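In order, the protein sequences belong to chains V and B. The first sequence begins at 138 in the working numbering and counts up one residue at a time. The second sequence begins at 89 in the working numbering and counts up one residue at a time. This report refers to the structure that appears directly beneath it.
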Amino acid sequence: MTQFSVPWQPRPAHPYGMASRAVIALAQSVYGFAAPIVSRFPGAILISAVIATCVGVWMHSVLFGWVDTQLIQAAVTLPDYTPPALSLLSPSTWGLTPSVIHALRVDETVAASVAGLLDYVLWPVQFWIVRDVVGLGALFGLFNVIPVYVIWWERKVAGRIQSRLGPMRVGGWHGWAQSPADGIKLILKEDLVPAGADGPLFRLAPYLTIIPSLLAFLALPFGATYVLRELDVALVFILGVLGAEVVGVILAGWASNNKWSVYGAMREACQMISYEIPMGMALLVPVICVGTLSLSGIADVQQGGWFSWIAFSNPFCFAAFVCYFIASLASLKRAPFDLPEAESELVAGFVTEYSGFRWSLFFFAEYAAMFVICAIASIVFLGGWHSPLPASWGGGLGDGLLARGLTGLLFSGPIWLMFKSVFLLYVQLWLRWTLPRIRIDQVLYSCIQVLLPLTMVLVFGATVWTWASTGHNALWSTVEAATRIILGSIGLVFIGGFIAIAGYGFYHRRRMVGNLVQDVMPGS
Amino acid sequence: MSIDRVNQLSSTCVRRRFALAPALLVLGVTLLCGTRAMASSGGEVVTTAAEPGSLLEVVLFYAVATMTIVSSVAVCMSKNIVRMALWLFMTLASVSFLYFLLAANFLASIQLVVYAGGTLVLLVFGVMLTNKSPWARYTPGKLELVGAAAVCSVLLVALWLVFLRAEWSRLPGAFAGTSVADLGRSLLSVYVVPFEVAGVLLMIVMVGAAHLARQDK
Numbered sequence: 138m139t140q141f142s143v144p145w146q147p148r149p150a151h152p153y154g155m156a157s158r159a160v161i162a163l164a165q166s167v168y169g170f171a172a173p174i175v176s177r178f179p180g181a182i183l184i185s186a187v188i189a190t191c192v193g194v195w196m197h198s199v200l201f202g203w204v205d206t207q208l209i210q211a212a213v214t215l216p217d218y219t220p221p222a223l224s225l226l227s228p229s230t231w232g233l234t235p236s237v238i239h240a241l242r243v244d245e246t247v248a249a250s251v252a253g254l255l256d257y258v259l260w261p262v263q264f265w266i267v268r269d270v271v272g273l274g275a276l277f278g279l280f281n282v283i284p285v286y287v288i289w290w291e292r293k294v295a296g297r298i299q300s301r302l303g304p305m306r307v308g309g310w311h312g313w314a315q316s317p318a319d320g321i322k323l324i325l326k327e328d329l330v331p332a333g334a335d336g337p338l339f340r341l342a343p344y345l346t347i348i349p350s351l352l353a354f355l356a357l358p359f360g361a362t363y364v365l366r367e368l369d370v371a372l373v374f375i376l377g378v379l380g381a382e383v384v385g386v387i388l389a390g391w392a393s394n395n396k397w398s399v400y401g402a403m404r405e406a407c408q409m410i411s412y413e414i415p416m417g418m419a420l421l422v423p424v425i426c427v428g429t430l431s432l433s434g435i436a437d438v439q440q441g442g443w444f445s446w447i448a449f450s451n452p453f454c455f456a457a458f459v460c461y462f463i464a465s466l467a468s469l470k471r472a473p474f475d476l477p478e479a480e481s482e483l484v485a486g487f488v489t490e491y492s493g494f495r496w497s498l499f500f501f502a503e504y505a506a507m508f509v510i511c512a513i514a515s516i517v518f519l520g521g522w523h524s525p526l527p528a529s530w531g532g533g534l535g536d537g538l539l540a541r542g543l544t545g546l547l548f549s550g551p552i553w554l555m556f557k558s559v560f561l562l563y564v565q566l567w568l569r570w571t572l573p574r575i576r577i578d579q580v581l582y583s584c585i586q587v588l589l590p591l592t593m594v595l596v597f598g599a600t601v602w603t604w605a606s607t608g609h610n611a612l613w614s615t616v617e618a619a620t621r622i623i624l625g626s627i628g629l630v631f632i633g634g635f636i637a638i639a640g641y642g643f644y645h646r647r648r649m650v651g652n653l654v655q656d657v658m659p660g661s
Numbered sequence: 089m090s091i092d093r094v095n096q097l098s099s100t101c102v103r104r105r106f107a108l109a110p111a112l113l114v115l116g117v118t119l120l121c122g123t124r125a126m127a128s129s130g131g132e133v134v135t136t137a138a139e140p141g142s143l144l145e146v147v148l149f150y151a152v153a154t155m156t157i158v159s160s161v162a163v164c165m166s167k168n169i170v171r172m173a174l175w176l177f178m179t180l181a182s183v184s185f186l187y188f189l190l191a192a193n194f195l196a197s198i199q200l201v202v203y204a205g206g207t208l209v210l211l212v213f214g215v216m217l218t219n220k221s222p223w224a225r226y227t228p229g230k231l232e233l234v235g236a237a238a239v240c241s242v243l244l245v246a247l248w249l250v251f252l253r254a255e256w257s258r259l260p261g262a263f264a265g266t267s268v269a270d271l272g273r274s275l276l277s278v279y280v281v282p283f284e285v286a287g288v289l290l291m292i293v294m295v296g297a298a299h300l301a302r303q304d305k
């Protein structure tokens, strides 16, 4: 059976092993079972999965918090409590046994048999390793879901901006299963290493790219208690690990032994080390104003609603936010700074020689890093996990389960951080499909001659501003309050204008973008 | 390299590619255990290293120390310049991990930012810009070897003397780490002169580098 005549020797067919066959059978049976249901209710399944995830994460946090406050703190105050000696792996700091847990749960509202079971269910939750595994699982899941759905969303946004629909087929509702399907395709694709490449480095490079962006999630707080490792230097840590990501990209370009890849990697190195400086300096401005490097500490000073957000606290922070956003676009190699993968000049830049699974790792790393950068921007400048309403308004709600849920939805909860980060992510996508790519000399000019001096001035100005506000001068307090109100109003006008334009676009969604713009925009 | 060899390589690669996923997971879990947030009774969260003396800490220390030593020896032994840079990256990253184990979070993060992220990229960038061949090899001359050996032995003796004279004692409990605020205060009060001297030195180096790099002198 000769289908094509090829200049190389065809490879002998490789029979599937037992494990592969089992996986294939499993996949086929799951598909056969799920496909009819999924194609019947696609949107409902997607939305309920999102809601179920949120509720699941929240219930875990409530459970851990309850064990902390009700069991562990009660155990510490027991008269005959002795903390356990450090055991082999020192898994728990408290050493509660099921009988201690049973004694501590004084409210016997459940039946005795169930209650006995409950002691054994609660017992593992005291161990750090259990909590770490649960938290790491959640982060790993998020790390996988974000790129998949941001890529789908990017394709939809690109489609809308170019007056087309984007993915519409796979999965039924607006092609929502397009990205998972692409992922499966990428895993099954052949993994090629070019003959002239430096093999070990070529295979290692994608992992060196993806591990730093995974590590950044370890220290990223999603809410006041939703953080895997509360670091006092979380900001520097995240910047550090994201900066180390570039090593993988450079090695990928170098090991490919292909001039397009090397050009891409060189542009990336050049761009990355230039833009790291204005990015770090722009983040120094709020750090100077607040006086801490801990992301939770920075978010804590922004509890007072919209006008207390750091971006509106003084003009230097406002300008620093803009500088940070531009510099982060460049260090993430997003348009208009996406020269390392400029497809019109460099084929695909440093990923030219990659295929399949390794290729997808680069994009996982890139999109996850985009999310981390946006989350940092939201935490440092835009109030973190606090809503535009002052947190003090929720003070009268109490401490019940429902009250906590309401507080999380209305005042401060991870959902707000996700919302803000995803909005900034949308702005990144929007810029990518709107602005043309700029030249390499323009990229470097805008860094070294515009952003760098500007951020230096901002750091100096923020220092002077902070020094002035330590004096508790009445006149200065008035100036500060007035500044907050003016800058906050500018922000309100921006967001209001955005919502108005988006609403107008949604109202006229049946029209083509081109002639809609021609009708509305003056001078077109 | 023949086409058969390529085919053979790529098919082994297909089989091996999932083996790296567990390695990734193991790395993540080890890094997790390195620093450990301990909730004190007041609800305040303090970051400390793994409990001193616990098996976990000892295992992590020896693993990371071995990695540091192996990769720094590999920097010297490898001939390919880009491989050298990669091993240097491994060395710097594992030194940063050792700092994390010591609860010196700020120092560890700065190590990542400055050395692993900045200096190393600059180094690789320089290698890429200056080398004509992609397989640039470096073999040290005899004079260089002698010089390096002299410097290394002086350094070794000096370090050995310091280690012999130091009084080693174990900290009583979990070490809470040094706060960044304390570090900043001491840099700008007690150690302000060395700090400023280092700053001026770096400034001079930068001006000199800019002067050397100028096209029209």
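Glycine is no exception: its CB is placed at the ideal position from the N, C-alpha and C atoms. Only a predicted model underlies this, so the values are computations on that prediction, with no experimental measurement involved.
{"Asked": "The stretch 444–455 of chain V / the stretch 516–528 of chain V touching (three or more Cβ pairs under 8 Å)", "Found": "yes"}
{"Asked": "Alpha-carbon spacing of V/Gly533 relative to V/Ala540, whole angstroms", "Found": "9 Å"}
{"Asked": "DSSP state of V/Arg158 mapped onto helix, strand, coil", "Found": "helix"}
{"Asked": "Nearest residue (CA-CA) to B/Phe177, options B/Leu243, B/Met294, B/Ala286 and B/Val202", "Found": "B/Val202"}
{"Asked": "Neighbour flag for V/Trp203 against chain B, beta carbons, 9 Å", "Found": "no"}
{"Asked": "Buried or exposed by the 16-neighbour rule on C-beta atoms within 10 Å, applied to B/Trp175", "Found": "buried"}
{"Asked": "Per-residue DSSP class, three states only, for B/Arg225", "Found": "strand"}
{"Asked": "Pair within 9 Å by beta-carbon distance, V/Ala295 and V/Arg569", "Found": "yes"}
{"Asked": "Residues from the stretch 312–326 of chain V in contact with chain B, defined by Cβ distance under 8 Å", "Found": "none"}
{"Asked": "Residue-chain proximity (V/Gly520, chain B), Cβ-Cβ < 9 Å", "Found": "no"}
{"Asked": "Whole-Å CB distance - V/Thr592 paired with V/Met418, under 8 Å assumed", "Found": "4 Å"}
{"Asked": "The stretch 404–415 of chain V: positions lying closer than 8 Å to chain B by Cβ", "Found": "Ala406, Cys407, Met409, Ile410 and Glu413"}
{"Asked": "Reduced DSSP category for B/Asn168 - H, G, I as helix; E, B as strand; rest coil", "Found": "strand"}
{"Asked": "Rounded C-alpha distance that separates B/Thr243 from V/Ser433", "Found": "Strictly speaking, residue 243 of chain B in this sequence is Leu, with Thr absent from that position. If you take the alpha carbons of B/Leu243 and V/Ser433, they lie about 42 Å apart."}
{"Asked": "V/Ala181 beta carbon near the ligand SAH (any heavy atom closer than 8 Å)", "Found": "By its list of ligands, the structure shown contains no ligand whatsoever, and the ligand SAH lies outside what it can speak to."}
{"Asked": "Neighbour flag for B/Gly287 against chain V, beta carbons, 9 Å", "Found": "no"}
{"Asked": "Whole-Å CB distance - B/Gln197 paired with B/Thr156, under 8 Å assumed", "Found": "One detail in the question is off: residue 197 of chain B reads as Ser in this sequence, not Gln. So it is not a contact: roughly 18 Å between Cβ atoms."}
{"Asked": "Residue burial classification, B/Lys167 (beta-carbon count within 10 angstroms, cutoff 16)", "Found": "exposed"}
{"Asked": "Neighbour-count burial assignment, B/Trp256, 16 or more Cβ in a 10 Å radius", "Found": "exposed"}
{"Asked": "Whole-number beta carbon distance between V/Gly521 and V/Gln439, since they are thought to touch under 8 Å", "Found": "6 Å"}
{"Asked": "Whole-Å CB distance - V/Ala497 paired with V/Leu323, under 8 Å assumed", "Found": "Residue identity check: residue 497 of chain V is Ser in the sequence provided, not Ala. About 4 Å separates the two Cβ atoms, so the contact holds."}
{"Asked": "V/Ile188 burial status per 10 Å Cβ neighbour count (16 or more: buried)", "Found": "exposed"}
{"Asked": "Nonlocal neighbours in the same chain, by C-beta distance under 6 Å from V/Leu329, ignoring five residues either side", "Found": "Ser492"}
{"Asked": "Coil, strand or helix - V/Ser393 by DSSP", "Found": "helix"}
{"Asked": "Chain V contact for B/Leu249 (CB, 9 Å cutoff)", "Found": "no"}
{"Asked": "Where V/Ser300 sits in the DSSP three-state scheme", "Found": "coil"}
{"Asked": "Length of the line joining the Cα atoms of V/Leu581 and V/Tyr344", "Found": "28 Å"}
{"Asked": "DSSP three-state assignment for V/His311, whether helix, strand or coil", "Found": "coil"}
{"Asked": "Proximity test, Cβ basis, 9 Å: B/Val268 and chain V", "Found": "yes"}
{"Asked": "Proximity below 9 Å, CB of V/Ala605 to CB of V/Ala457", "Found": "no"}
{"Asked": "Closest by C-alpha distance to V/Gly385, when choosing among V/Tyr644, V/Ala502, V/Ala448 and V/Cys191", "Found": "V/Ala502"}
{"Asked": "Residues of the stretch 365–386 of chain V whose Cβ lies closer than 7 Å to any Cβ of chain B, in chain order", "Found": "Arg366, Glu367, Leu368, Asp369, Val370, Val373, Phe374, Leu376, Gly377, Val378, Gly380, Ala381, Val383 and Val384"}
{"Asked": "Local Cβ density within 10 Å of B/Thr227, reported as buried at 16 or more and exposed below that", "Found": "exposed"}
{"Asked": "Every unbroken alpha helix (DSSP H) inside the stretch 361–409 of chain V [4 residues or more]", "Found": "371–393"}
{"Asked": "Rounded C-alpha distance that separates V/Val594 from V/Arg340", "Found": "43 Å"}
{"Asked": "Nonlocal neighbours in the same chain, by C-beta distance under 8 Å from V/Val509, ignoring five residues either side", "Found": "Ser350, Ala353, Phe354, Leu357, Ile375 and Leu379"}
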